[in-house]
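Student: So that we are looking at the same thing, I have put the structure below in structure tokens.
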Amino acid sequence: MRLCIIDTGSANLNSVAQACQRLRLQPEISSDPEVLDKAQALILPGVGSASSIMRGVREHKLEDFITKVKVPLLGICLGMQIMSQGSEEVPQGADTGESFIPTLGLVAGRTQKLKGAGLRLPHMGWNSVEHSDHPLFLGIRQGAFFYFDHSYAVEIGDCTIGVCEYGQRFSAALARDNFMGVQFHPEKSGPVGERLLQNFFELTGDVA
Amino acid sequence: MLARRIIPCLDVRDGVVVKGVQFRDHTVMGDIVELARRYAAEGADELVFYDITASSDGRSVDKSWVARVAEVINIPFAVAGGIRSVEEARTILAYGADKISINSPALENPELITQLADKFGVSCVVVGIDTYRDEHGEYLVKQYTGDVKRTRTTAWHTLEWVEEVQKRGAGEITLNMMNQDGMRRGYDLEQLKAVRALCRVPLIASGGAGEMEHFYQGFVEADADACLAASVFHKGLIAIPELKAYLKNKGVVIRD
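Protein chains in written order, with our numbering: chain A, 1 to 208; chain B, 1001 to 1256.
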């Protein structure tokens, strides 16, 4: 299977690539829409901030490609957050007066800072996820623990397929058609995370 | 519910895992990749690799093993040891480490914390604090603890430094309580609680775990997010699966 990891210039892509390799897949890492267009599955990882990853998306002219792609696409962490309608993670010092920056708008809900009295941020560590039996969670029990590492999260909405709680309930996983996203890091979530990645690859119907 | 984390710490020197008592007299414990694989398989929630020589010698960690570890384990891990620049941090993260932990270089140049947080996000930046309770009961920060000849007491009181590193962008704090290190008599709960009261980011307790009860105390009495230990795991005194079953049985939220 042709698997590509989308390089937006802000991410640490090796962790995701290494996880794919443990599942015997050899992903290609690229920011070139022509290369990415040949993939049967795409992963959109993200480290940094919503604005830095959106800048990377625009610099590489990937916005049009990502929003129109038809093959299964999995956003991870920040990669999932920029699939939402907008992010509250406005750059420090930005004086645009806007409380949200625009993101890709692929799934319902907006990305907001996690809130709760005395809540320690980042939300870091293993937390349990309740899911709606979407194929991404095939064979994964309710309440399974995944590794999280974030301070912002997508609110619960029509596309939510997994829920986690930290101070508040938020979207741990989202899906709409071929677009999927997980707030946690499946590449760092032990055997459960590997199962989820395997499930994602199987959605292409063509796993080597 | 967010689970409390159990973190084996692998002190690395010259490419092998070592462990000493109170930061001295190191003995070889085993191969980095093999130990990493073993702990991940046994249910460790995260790993820390701490190059105890690097800060003192003014050089960075040998980076090749970071990639080898990242290839084999599927849980998060942090790398510490003499990381003095954004470039060094970038290399280590690019090899597949999830976090970088800085200690002595943060004391040399506190601005480094902010630079790293801006560049890689706060959740990649752990600040390690070597804290020593002196004869008057004061908590003081020590520097260059990897080399007993160079170890010095800084002007920072531990609680002030805890506040400072948070202001500068630390995403997590590891509190190494040096009086307890390697003694296996339990964490310094009084100190841990004092730090916890000021710490708004995840807090990792380190130094002194010897019995399963010590982990329970760290989590329940001092409200640490994670408990770090080395010798009890390396020497097989506590098995991680048993520890997790014990804690779960006592009502602590633990990942299965």
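Here a beta-carbon is modelled for each residue, glycine too, at the ideal position from N, C-alpha and C.
1) Could one say the Cβ of I1075(B) lies closer than 7 Å to chain A's Cβ atoms, at least one of them?
2) D37(A) touches chain B at which residues, Cβ-Cβ below 8 Å?
3) Using the rule of at least 16 other Cβ atoms within 10 Å of the residue's Cβ for burial, across every protein chain shown, is H1136(B) buried or exposed?
4) For P122(A), return the contacting residues in chain B, with the cut-off set at a CB-CB distance below 9 Å.
5) Check whether the stretch 188-204 of chain A touches the stretch 130-146 of chain A, counting contact only when three or more Cβ pairs, one atom from each stretch, lie closer than 8 Å.
6) Closer than 8 Å is the cut-off here; do at least three beta carbon pairs connect the stretch 1153-1171 of chain B with the stretch 1103-1111 of chain B?
7) Taking beta-carbon pairs under 8 Å, can you tell me which members of the stretch 23-53 of chain A lie near chain B?
8) Exposed or buried, which one is V1028(B) when buried takes at least 16 other CB atoms within 10 Å?
9) Please look up how many angstroms separate the CB atoms of L1192(B) and G1171(B), rounded, as I've assumed it's under 8 Å.
10) Answer with yes or no whether the minimum CB distance from S15(A) to chain B is below 7 Å.
11) Figure out for me which residue from V1072(B), E1190(B), L1047(B) and R1037(B) has the closest Cα to the Cα of A1080(B).
12) Classify V1127(B) as buried or exposed, calling it buried when 16 or more other Cβ atoms lie within 10 Å of its own Cβ.
13) Could I get the ranges of all uninterrupted alpha helix (DSSP H) runs contained in the stretch 1194-1228 of chain B, with 4 residues as the minimum, in chain order?
14) If you check the beta carbons only, do Q40(A) and T160(A) fall under 7 Å apart?
15) Specify whether the stretch 1180-1187 of chain B and the stretch 1205-1215 of chain B touch according to this definition: at least 3 beta carbon pairs, one from each stretch, less than 8 Å apart.
16) Should G1082(B) go down as buried or exposed, given a rule of 16 or more other Cβ atoms within 10 Å for buried?
17) Which residue comes first and which comes last in the beta strand (DSSP E) that contains H150(A)?
18) Please state the DSSP three-state secondary structure of S1104(B).
19) Closer than 8 Å by beta-carbon distance: list the chain B residues that pair up with H150(A), in chain order.
20) The alpha helix (DSSP H) spanning M80(A) covers which residue range?
21) With a threshold of 7 Å between beta-carbons, can G125(A) be considered close to chain B, or not?
22) Quick one: complete alpha helix (DSSP H) runs, 4+ long, within the stretch 1164-1194 of chain B?
23) Verify whether the separation of the beta carbon atoms of M54(A) and G181(A) is less than 7 Å.
24) With burial defined as no fewer than 16 other Cβ atoms inside 10 Å of the residue's Cβ, what is the status of K1142(B): buried or exposed?
25) Might you give, ordered along the chain, the residues of its own chain that have their beta carbon closer than 6 Å to the beta carbon of T1114(B), omitting 5 neighbours on each side?
26) Mind pulling the chain B residues with CB within less than 7 Å of Q198(A)?
27) Here's the rule: buried if 16 or more other CB atoms are within 10 angstroms of the residue's CB, otherwise exposed. What is E1087(B)?
28) Below 8 Å on C-beta distance, what does Y1095(B) contact in chain A?
29) Which one of G1043(B), V1066(B), I1173(B) and V1072(B) has the shortest CA to CA distance from R22(A)?
30) Ends of the alpha helix (DSSP H) at Q198(A)?
31) So which residues on chain B does S128(A) lean against when the C-beta distance must stay under 9 Å?
32) I'd like to know if F145(A) contacts chain D, where contact means its C-beta is closer than 7 Å to some C-beta of that chain.
33) Check this for me: beta carbons of P91(A) and S51(A), under 7 Å apart or not?
34) Which partner residues does Y1139(B) have in the DSSP bridge list?
35) Whole-angstrom Cβ separation of P1241(B) and G1043(B), contact assumed at under 8 Å?
36) Give a yes or no on contact between the stretch 1231-1241 of chain B and the stretch 105-114 of chain A, applying the rule of three or more CB pairs nearer than 8 Å.
Tutor: Let me spell this out:
1) yes
2) Within 8 Å Cβ-Cβ: nothing; D37(A) doesn't reach chain B, min ~26 Å.
3) When all chains shown are included, H1136(B) counts as exposed.
4) G1121, V1122, S1123, G1171, E1172, V1201 and P1202
5) yes
6) yes
7) V47, G48 and S49
8) Exposed is the call here.
9) Incorrect: roughly 19 Å between the Cβ atoms, too far for contact.
10) Yes, S15(A) lies at the interface with chain B (some Cβ there is under 7 Å from its Cβ).
11) L1047(B)
12) The residue is buried, with at least 16 neighbouring Cβ atoms inside 10 Å.
13) 1212-1216
14) no
15) Yes: the two stretches touch, three or more of their Cβ pairs being nearer than 8 Å.
16) Per the 10 Å Cβ criterion, buried.
17) A144 to H150
18) helix
19) S1123
20) L78 to Q81
21) Flagged as an interface residue toward chain B: G125(A), by a C-beta distance shorter than 7 Å.
22) None, since the stretch 1164-1194 of chain B contains no complete alpha helix (DSSP H) of that length.
23) no
24) It is buried - the Cβ of K1142(B) has at least 16 other Cβ atoms within 10 Å.
25) Around T1114(B): R1168 and G1169.
26) Going along chain B, no residue has its Cβ under 7 Å from Q198(A), so there is no contact; the nearest lies around 12 Å.
27) exposed
28) N14
29) V1072(B)
30) G190 to E202
31) M1001, L1002, A1003, V1253 and R1255
32) Absent from the structure: chain D. Protein chains present are A and B.
33) yes
34) The partner list for Y1139(B) (beta bridge, DSSP) reads R1133(B).
35) Taking C-beta atoms under 8 Å as the contact rule, P1241(B) and G1043(B) qualify, at a distance of about 6 Å.
36) Output reads no: the stretch 105-114 of chain A does not touch the stretch 1231-1241 of chain B.
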